[in-house]
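Below is one structure; the comments refer to it alone.
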Amino acid sequence: MFDDVDDLFTLATACFGPTLGQVEQNLRASGYAPEQVDTILMTHLHPDHVCGLVDENGEAVYPNAELRASEGDADFWLDEERSQALPEEERAFFTMAQEAVAPYQEAGRFSPFASGDELLMGIVARDTHGHTPGHASFMLNSDDDAMLVWGDVVHSYGVQFADPSVAIEFDSDPEQAVHTREAVLERAVDEKHWVAGAHMPFPGIGHIVEDEEGYRWLPIEFAPIARDSE
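Position in the sequence shown (first residue = 1) + 103 = my numbering.
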């Protein structure tokens with residue numbers, strides 16, 4: 104979640120299982136209400152990212168927010184004809200994505216974006232497809248620093264940093280996912296920018312460096328106790 108004074112926006116609305124789905128609670132614990140969120144940027148529309156958009160009754164958790172997702176993922180996951188053509192056991196991801204996005208569509212608060220679009224001031228969408236047909240990452244730029252929010256470019260950091268050619272079962276296009284991961288890791292090393300990843304160990308922010316086994320994750324130092332400056 105980011106607060107730039109004029110806009111309050113979040114880049115994650117995770118759900119699934121006992122250890123996920125805490126975004127709303129953590130938002131409130133930070134002193135904000137879901138109604139204050141102006142914009143939600145989705146890296147992709149897999150259920151573990153998108154289902155936190157709605158509550159148990161299918162109502163929007165963020166009723167005043169504009170929901171943004173890539174054109175590629177919107178065209179794929181929200182296509183009811185495509186999902187209905189699949190065997191019933193293969194429709195679950197489509198159904199969950201469609202149900203999560205529906206209240207925002209009905210309220211006129213869903214708008215897809217293209218790669219290269221500046222979604223908010225200083226935040227540009229990057230095409231990182233492969234894990235899903237329209238998987239996107241977001242480059243956050245400030246005057247003297249930058250951070251890539253890369254979504255699911257990496258799932259198993261213990262394996263895929265050492266060998267980026269390892270794909271996972273949930274990749275829509277495993278070959279493209281590998282190509283994307285290799286390119287993103289190389290660029291992160293070259294540009295030395297920060298990285299924020301959905302499946303990285305807490306706090307999920309750090310830098311990428313090369314080593315003799317491939318790549319290595321250098322997490323940001325986390326200090327749980329804030330001290331007032333004197």
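Just so it is clear, CB atoms sit at the ideal spot from N, CA and C, and this is done for glycine as well.
| Query | Result |
| --- | --- |
| Can you tell me whether DSSP reads Ala195 as helix, strand or coil? | helix |
| In chain order, what residues of the same chain lie with their CB nearer than 7 Å to the CB of Leu288, ignoring the 5 residues before and after it? | Pro267, Ile311, Tyr318 |
| Would you check if the region 232-239 and the region 143-158 touch, i.e. whether three or more CB-CB distances between them fall below 8 Å? | yes |
| If you draw a straight line from the C-alpha of Tyr135 to the C-alpha of Asn167, how long is it? | 13 Å |
| Alpha helix (DSSP H) containing Tyr260: first to last residue? | 260-263 |
| Within the same chain, show all residues whose beta-carbon is closer than 7 Å to that of His282, passing over the 5 residues directly before and after it, in chain order. | Gly233 |
| Taking the alpha-carbon positions, what's the Arg185 to His152 distance? | 21 Å |
| Kindly identify the DSSP beta-bridge partner or partners of Ala239. | Asp230 |
| Return the Cβ separation of Met250 and Trp297 in integer angstroms, given the expectation that the two are a contact with Cβ distance under 8 Å. | 4 Å |
| Quick one: Cα of Val108 to Cα of Phe273, how far? | Because the pLDDT of Val108 is 46, which lies under 50, any placement of that residue in the model is unreliable, and the question is left without a value. |
| Let me make sure I understand the geometry here. Which of Phe325, Phe197, Leu223 has the alpha-carbon closest to that of Glu183? | Phe197 |
| Go ahead and label Glu169 buried or exposed: buried means 16 or more other beta carbons lie within 10 angstroms of its beta carbon, across all protein chains shown. | buried |
| Between Asp247, Tyr207, Ser245, Ala172, which has its C-alpha nearest Gly230's C-alpha? | According to the sequence provided, residue 230 is Asp. The question's Gly does not apply to it. Nearest C-alpha to Asp230: Ala172. |
| Rounded to a whole number of angstroms, what is the C-alpha to C-alpha distance between Ile308 and Gly254? | 12 Å |
| Look at the Cβ atom of Val164, then the Cβ atom of Glu127, and state whether they are nearer than 8 Å. | yes |
| The alpha helix (DSSP H) that contains Asp176, what's its start and end? | 174-180 |
| What are the boundary residues of the alpha helix (DSSP H) that includes Asp293? | 277-294 |
| Give the C-beta separation of Ala217 and Val252 to the nearest angstrom, bearing in mind that I take them to be a contact with Cβ-Cβ under 8 Å. | With a Cβ gap of about 17 Å, Ala217 and Val252 do not count as contacting. |
| Please identify the residue among Ser214, His302, Pro137, Ala265 whose C-alpha is closest to the C-alpha of Asp314. | Ala265 |
| For the alpha helix (DSSP H) holding Asp151, just list the boundary residues, first then last. | 150-153 |
| Spatial neighbours of Ile226 within its chain, please: CB distance less than 6 Å, with the 5 preceding and 5 following residues excluded, ordered by chain position. | Phe241, Leu243 |
| Are the beta-carbon atoms belonging to His302 and Val262 less than 8 Å from one another? | no |
| My assumption, with CB atoms under 8 Å, is that Gly219 sits in contact with Ala228. Please give the rounded CB distance. | 7 Å |
| For the alpha helix (DSSP H) containing Ser186, name the first residue and the last one. | 183-187 |
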